[in-house]
Amino acid sequence: MNTKPKLILAAVDFSTGSRNALEHAARLAAHHGAKLHVLHIIDSMALSMLAEKRREPFESAVSHALVSGRKSLAEWLGHSNLPAGYEVTLAVGAPLHEILEHVKNLRADLLVAGVAGAGGHGDGAGSVAAKLARKCVVDVLLVRTGHSQTFSRIIAALDFSVHSAHVAAAAYAMAAANGTEAVVDLLHVWTDPGSMLPAIGVFGESGLSLAQAPLQPREELLQSVRTSLHSHAEDAPAGLRVNEVAVEHRKAGEGIAEHARASGAELVVIGALGRTNLRYLLLGSTAERLLARVTCSVLVVKPAAE
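Below you can see the structure in the form of structure tokens.
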């Protein structure tokens with residue numbers, strides 16, 4: 002994560018989750034002295050269907066939608082405390098495409114959006130939100146509906162890849178932006194290899210061949226995990242409360258989600274690229290599973306530019 006963003010883009014759709022996302026974006030912009038840019042996209046497909054139903058030319062429907070949209074957006078934004086100098090863009094198009102294009106064209110450092118979007122309820126990220134997390138070239142903060150206040154309990158999900166330091170740094174930066182009471186859990190979900198046998202290896206090896214492979218003793222493995230967690234904790238800013246947490250679970254994404262629920266975490270920070278350095282639709286499979294099960298806000302940290 003760019004721990005000192007210069008431009009924060011908030012994608013809004015008038016939903017409650019969108020309002021919460023805007024408030025967090027405004028808070029982060031004020032903390033970092035960054036410019037806040039608010040973006041609302043009028044769905045061209047929905048507008049086309051409405052125009053057809055009304056037997057109205059599409060161009061006329063677009064014109065009317067932009068006029069009423071500007072008025073509605075200005076009124077909606079008036080209910081939030083936004084930093085001076087914020088800018089607003091209203092456009093017509095496919096929401097996912099337009100948001101991603103505006104991220105690139107505006108050279109935003111951080112995209113903030115609601116987890117579920119308009120009409121969304123329940124656990125997990127909504128369709129557009131999950132796709133933004135996968136495809137966006139910058140870090141994405143997905144804010145859960147109802148999380149309008151500061152994030153006081155933050156989880157940094159570490160897999161000890163080369164990207165883990167960026168994830169931890171992003172969590173520390175979020176803690177600093179959310180007040181002195183914020184607590185960060187450095188979390189690693191680990192698995193005892195012995196518990197996974199018999200199994201089929203990634204290249205089709207039999208469970209027998211895996212069972213015959215030398216395995217790191219359980220206590221030695223756990224001690225290695227604790228040592229790595231402590232190493233990351235030593236880089237935390239002075240005065241920040243940091244917990245080092247090792248959770249055993251066969252599936253990392255589910256283990257993270259379960260710890261988030263059990264600890265009452267309001268934000269999980271996770272990397273988009275894991276230990277394999279292979280992307281799954283531009284998002285690591287662990288992050289993908291987490292987004293499907295999440296009950297809190299999520300910050301997806303993209304790999305640092307090389």
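Using the numbering used here, you'd call the opening residue of the sequence shown number 2 and step up by one each time. Note that beta-carbon positions come from the ideal geometry of N, C-alpha and C, so glycine has one too. Computed from a prediction, not measured in an experiment: that's the story for all the values here.
| Item | Value |
| --- | --- |
| Collapsed DSSP secondary structure at Glu57 in the structure displayed | coil |
| Closest Cα partner of Glu249 within the set Leu268, Arg227, Leu83 | Arg227 |
| Other residues of its chain near Ala305: CB distance less than 8 Å, five sequence neighbours each side excluded | His164, His167 |
| Three-way DSSP call (helix, strand, coil) for Thr4 in this model | coil |
| Spatial distance of Ala47 from Gly147 (CA atoms) | 27 Å |
| Own chain residues within Cβ distance below 6 Å of Asn106, not counting five before or after | none |
| Leu91 vs Ala114 beta-carbon contact at 8 Å | no |
| Cβ-Cβ separation, Ala258 to Val295 (assumed contact under 8 Å), whole Å | 6 Å |
| Per DSSP, cross-strand counterpart(s) of Leu143 | Ala114, Val299 |
| His80 classed as buried or exposed, judged by whether at least 16 other C-beta atoms fall within 10 angstroms | exposed |
| Of the residues Pro84, Val93, Pro58, the one placed nearest Ser69, counting alpha carbons only | Val93 |
| Per-residue DSSP class, three states only, for Asn244 | strand |
| Test item: CB-CB of Ala130 and Ile9 under 8 Å | no |
| Contact under 8 Å by Cβ, Asn3 with Leu112 | no |
| 8 Å Cβ cutoff met for Leu187 and Leu223 | no |
| Supposed close pair Arg28, Ala178 - CB separation, criterion 8 Å | 7 Å |
| Continuous alpha helix (DSSP H) stretch holding Val104: start and end | 96-107 |
| Start and end residues, beta strand (DSSP E) containing His189 | 184-191 |
| CB-CB length for Ile156 against Ala261, believed under 8 Å | 6 Å |
| Residue interval of the alpha helix (DSSP H) (run including Arg251) | From DSSP, Arg251 is part of no alpha helix (DSSP H); its letter is neither H nor E. |
| Beta-carbon contacts of Leu241 that lie in its chain and below 7 Å, excluding the five residues immediately before and after | Tyr173, Ala176, Val185 |
| Test item: CB-CB of Val246 and Ala158 under 8 Å | no |
| Simplified DSSP assignment, three categories, for His260 | helix |
| Burial state of Arg55 (16 or more Cβ within 10 Å) | exposed |
| Beta-carbon proximity check, Ala30 vs Pro84, cutoff 8 Å | yes |
| Where Ile156 sits in the DSSP three-state scheme | strand |
| Backbone secondary structure at Thr277 - three-state DSSP | Confidence is the limiting factor: at Thr277 the pLDDT is only 46, short of 50, which leaves the residue's position unreliable, though a coordinate-based value still follows. Three-state DSSP puts Thr277 in coil, outside helix and strand. |
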